[in-house]
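Accompanying notes for the structure given below.
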Amino acid sequence: MNAFSLLTITCIATLSIGCTSTIPTKVADSSPSSEVVTPLQSVSQPLKVATWNVEHLAYPIDTGCRTRTPSEIAAMKAYAKNLDADIIALQEVGSKAALQQIFSEDDWQLIMSTRADSKAYTCRQTGALSTQQKVAFAVKKAMPVLNTAAIDQLALKRAGLRYGLQITVNTPNGPTDILNVHMKSGCFVDDYLKSDSPACKTYAQQAPILDSWIEKRETTNTPYIILGDFNHRISAPYNRLTRTLLSNERSTNITTSHLIGCQARYPAPIDHIIVGKMDAKSIAKSAQVHKYKNMDDKAMLSDHCAVSVSITDNANALSASVLWQTTSKEYQALTTYMYQQAQTAVTQLPRTATNWVAVMDVDETVLDNSAYQKQTELSGKGYTPQTWQAWVKSENATLVPGAKSFIEALYKQGGKVALVTNRDKANDVHTWNNLKAVGLPITVENTCLMGRSEADKTAVDGKHFINDKDLRRQQITQGSADCFAPKGMPNNWQQPQVIKFQVGDNIEDFSGITQESANIEALQPKLGKSLFLLPNPMYGSW
9 MNAFSLLTIT
19 CIATLSIGCT
29 STIPTKVADS
39 SPSSEVVTPL
49 QSVSQPLKVA
59 TWNVEHLAYP
69 IDTGCRTRTP
79 SEIAAMKAYA
89 KNLDADIIAL
99 QEVGSKAALQ
109 QIFSEDDWQL
119 IMSTRADSKA
129 YTCRQTGALS
139 TQQKVAFAVK
149 KAMPVLNTAA
159 IDQLALKRAG
169 LRYGLQITVN
179 TPNGPTDILN
189 VHMKSGCFVD
199 DYLKSDSPAC
209 KTYAQQAPIL
219 DSWIEKRETT
229 NTPYIILGDF
239 NHRISAPYNR
249 LTRTLLSNER
259 STNITTSHLI
269 GCQARYPAPI
279 DHIIVGKMDA
289 KSIAKSAQVH
299 KYKNMDDKAM
309 LSDHCAVSVS
319 ITDNANALSA
329 SVLWQTTSKE
339 YQALTTYMYQ
349 QAQTAVTQLP
359 RTATNWVAVM
369 DVDETVLDNS
379 AYQKQTELSG
389 KGYTPQTWQA
399 WVKSENATLV
409 PGAKSFIEAL
419 YKQGGKVALV
429 TNRDKANDVH
439 TWNNLKAVGL
449 PITVENTCLM
459 GRSEADKTAV
469 DGKHFINDKD
479 LRRQQITQGS
489 ADCFAPKGMP
499 NNWQQPQVIK
509 FQVGDNIEDF
519 SGITQESANI
529 EALQPKLGKS
539 LFLLPNPMYG
549 SW
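Counting in this note's numbering, the sequence shown runs from 9 upward without gaps.
Written as structure tokens, this is what we have:
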């Protein structure tokens, strides 16, 4: 069995896992504009997240600004267990060893901030030397952490300021970015821009970083949670940070804004959980403050109480097909491998070959539109021509893994690319801009972009033109291709081209083939040599 055959079987097997018996309606188009998403099993188990500032948790326990007794550590361990949370964001953690006193690594994954240790200072109340104040996550062992990242920008390159810490996990809303923050303390005014205090000047620099983190996820329709010690009264609607983060265009919601702080001295809480791109109203109903058994000021286990919410199942959770494409390593491995095979085939062509092209599809072949798929599934509205048009015009699609390296190698070998897409021809300018935005070195000389027109559909006669890309393929070989050219630039494709390779994510991205008529046995000798097929479990002509 050759490598391609093995890969094909692996791909098919992977895409089959979790499928229901529902049979999608077949359509004669491989673009999202006529998608059919098969309902597949989704992640639906509720998830509980909490945030807890543990007030100078140190190891050994008799060091730092808040020393503790063994009985206090035991009480903190019991308190953490009673939170019954799957993920706990922690602040003011001195070290991993300090964290291990409360969270056993038999049950928890402990993820510490990577910030370098800062210089110790003298504690105000005790005169002892301080330990480190870092953020950390405790994540239940059974929950896979898909990714971790240090948000070091929040430290502003200053010793002592805390990094943010981000993890990505699957929640009932799909792959979700979770950010743990411990913002600068000392700025407790409603508008940090109107204060000259050093703390507020620092806060004014941190706030745009937090705002930018949210904006990126709003733009890409990525579910997110921010939790931690904000050192700011963001439950007040007139607070500047609150108004900044909760702009009208966003789904951002402070789910804990209605809570009362557990400290009698500070009834306006500063520990919060913010969510976006999920059912915030339902989540807010679950918000709670976890008080200590002894709430006497001197007996409290920390000067902060933990706060938690439950991330419930969205009525419209992501299908397994979208989860697979957006989170699995298998998807990345398959597309990268296939493009490597295609790149090898290109380099084997003699350099003397002239006027040759690779005909490529765009959607899910060059550009990844899974963010649009997530958007339609989470909204529960599914595909509509209006939302697809808006997505194309947003020019926010990303690159399919491996596509850029292949295209660059093809250009270097002296070839050209013909992008034959079933996006409407009227949107060619947006497709072109998107391709440029992701860093592809396309020019009117090396790339012909051809969106679909009505003529492409009506040309299908079952004899000369089998699918609605066949007419455009013929035009490429005849030198009559109506390629897109930015305003004022010529169309330089009025010369016959030889199609050497075809690349797509749908069987109908190959000439003269339909889903119904495709003969896999006949295609097999060409697959991995001149025809290259990428995985797309989200939609297609099937």
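The beta-carbon is built from N, C-alpha and C at its ideal position, and this holds for glycine as well.
Residue nearest to residue i in terms of C-alpha spacing, selected from the options
i: Ile-242; options: Asn-256, Lys-285 and Asn-261; result: Asn-261
i: Ser-290; options: Asn-527, Lys-56 and Pro-216; result: Lys-56
i: Gln-503; options: Gln-486, Gly-512 and Gln-214; result: Gln-486
i: Ser-402; options: Thr-228, Tyr-246, Gly-102 and Tyr-339; result: Thr-228
i: Leu-235; options: Phe-492, Thr-250, Ser-220 and His-190; result: His-190
i: Val-408; options: Gly-512, Ala-66 and Lys-420; result: Gly-512
i: Gln-214; options: Leu-201, Glu-226, Glu-385 and Ile-474; result: Leu-201
i: Arg-74; options: Asp-432, Lys-495, Met-308 and Tyr-347; result: Met-308
i: Thr-156; options: Leu-164, Ala-88 and Leu-187; result: Leu-187
i: Tyr-171; options: Ala-146, Gln-117 and Gln-99; result: Gln-99
i: Ile-474; options: Lys-444, Trp-501 and Asp-517; result: Asp-517
i: Met-286; options: Asp-185, Ser-138, Asn-363 and Lys-149; result: Asp-185
i: Thr-373; options: Gln-394, Tyr-391 and Thr-343; result: Thr-343
i: Asp-237; options: Ala-58, Gln-421 and Gly-548; result: Ala-58
i: Asp-219; options: Thr-384, Gln-161 and Thr-335; result: Gln-161
i: Ala-467; options: Ser-138, Ala-350 and Gly-520; result: Gly-520
i: Arg-273; options: Asp-311, Ser-205, Gln-340 and Ala-83; result: Asp-311
i: Asp-338; options: Leu-91, Leu-107, Leu-118 and Leu-542; result: A small fix is needed here, since residue 338 is Glu in this sequence, not Asp. The residue with the shortest Cα to Cα distance from Glu-338 is Leu-542.
i: Leu-386; options: Leu-254, Ala-434, Glu-226 and Pro-358; result: Glu-226
i: Tyr-347; options: Ser-103, Met-368, Gly-194 and Ser-205; result: Met-368
i: Val-593; options: Thr-392, Leu-267 and Thr-360; result: Any answer about residue 593 is impossible in this case: the structure gives the chain only from 9 up to 550.
i: Gly-470; options: Thr-522, Gln-505 and Thr-451; result: Thr-522
Residue i in three-state terms, based on DSSP
i: Ala-295; result: coil
i: Trp-60; result: strand
i: Tyr-347; result: helix
i: Lys-477; result: coil
i: Ser-39; result: Per-residue confidence for Ser-39 stands at a pLDDT of 41, beneath the threshold of 50, marking its modelled position as unreliable; no derived number is given.
i: Lys-34; result: Because Lys-34 carries a pLDDT of 29, less than 50, the predicted location of this residue cannot be relied on, and the following value inherits that uncertainty. Three-state DSSP puts Lys-34 in coil, outside helix and strand.
i: Ser-538; result: coil
i: Met-368; result: strand
i: Lys-285; result: coil
i: Gln-483; result: helix
i: Asn-188; result: strand
i: Ser-329; result: helix
i: Ile-81; result: helix
i: Thr-553; result: The requested residue 553 does not occur in the structure, where the chain is confined to residues 9 to 550.
i: Gln-381; result: helix
i: Leu-357; result: coil
i: Lys-465; result: helix
i: Thr-451; result: coil
i: Val-489; result: The residue asked about is misnamed: residue 489 is Ala in this sequence, not Val. Coil.
i: Thr-429; result: strand
i: Asp-70; result: coil
i: Asp-517; result: helix
i: Lys-389; result: coil
i: Leu-342; result: helix
i: Lys-495; result: coil
i: Thr-46; result: At Thr-46, the pLDDT of 30 sits below 50, so the modelled position is not reliable and the matter cannot be decided from this model.
i: Tyr-547; result: coil
Start-to-end residues for the alpha helix (DSSP H) that takes in residue i
i: Phe-414; result: 411-420
i: Asp-513; result: No alpha helix (DSSP H) holds Asp-513; DSSP gives it neither H nor E.
i: Ala-437; result: Per the sequence shown, residue 437 should be read as Val rather than Ala. Val-437 -> alpha helix (DSSP H) spans 436-445.
i: Ile-528; result: 528-531
Residue interval of the beta strand (DSSP E) (run including residue i)
i: Trp-501; result: Run containing Trp-501: none; DSSP gives neither H nor E here.
i: Val-408; result: Val-408 -> no beta strand (DSSP E), and no H or E assigned at all.
i: Lys-471; result: Counting along the chain, Lys-471 falls outside any beta strand (DSSP E), and DSSP gives it neither H nor E.
i: Gln-397; result: That residue, Gln-397, is in no beta strand (DSSP E); its alpha helix (DSSP H) goes 393-402.
i: Ala-314; result: 314-319
i: Met-3; result: The shown model of the chain, from 9 to 550, leaves out residue 3, and the question about it has no answer.
i: Asn-302; result: Per DSSP, Asn-302 belongs to no beta strand (DSSP E) and is neither H nor E.
To test your reading of the DSSP string, which unbroken beta strand (DSSP E) runs of 3 or more residues are found completely within the segment 88-167?
If we require 3 residues or more, the beta strand (DSSP E) runs fully inside the segment 88-167 come out as 95-101, 116-120, 142-148 and 155-159.
message = Extract the residue ranges of the beta strand (DSSP E) inside the segment 195-261, only unbroken runs of 3 or more that lie entirely within it.
response = 232-237
Three or more C-beta pairs under 8 Å: does that hold for the segment 528-548 against the segment 481-499? no
Q.
Across the segment 172-179 and the segment 125-132, are there enough close Cβ pairs to call them in contact, namely three or more that are closer than 8 Å?
A. no
task = Pair every Cβ in the segment 420-435 with every Cβ in the segment 449-465, then say whether three or more of these pairs are closer than 8 Å.
result = Touching, yes, given that three or more Cβ pairs across the two stretches are closer than 8 Å.
- prompt: Does the segment 439-446 come within contact of the segment 463-479, defined as at least 3 CB pairs closer than 8 Å?
  reply: no
So, does the segment 248-265 touch the segment 289-303, judging by three or more C-beta pairs under 8 Å? In this structure the segment 248-265 lies against the segment 289-303, because at least three pairs of beta carbons, one per stretch, are closer than 8 Å.
### Message
Using 8 Å as the cut-off, can you tell me whether the segment 362-382 makes contact with the segment 329-338, which would need three or more C-beta pairs spanning the two stretches below that distance?
### Response
yes
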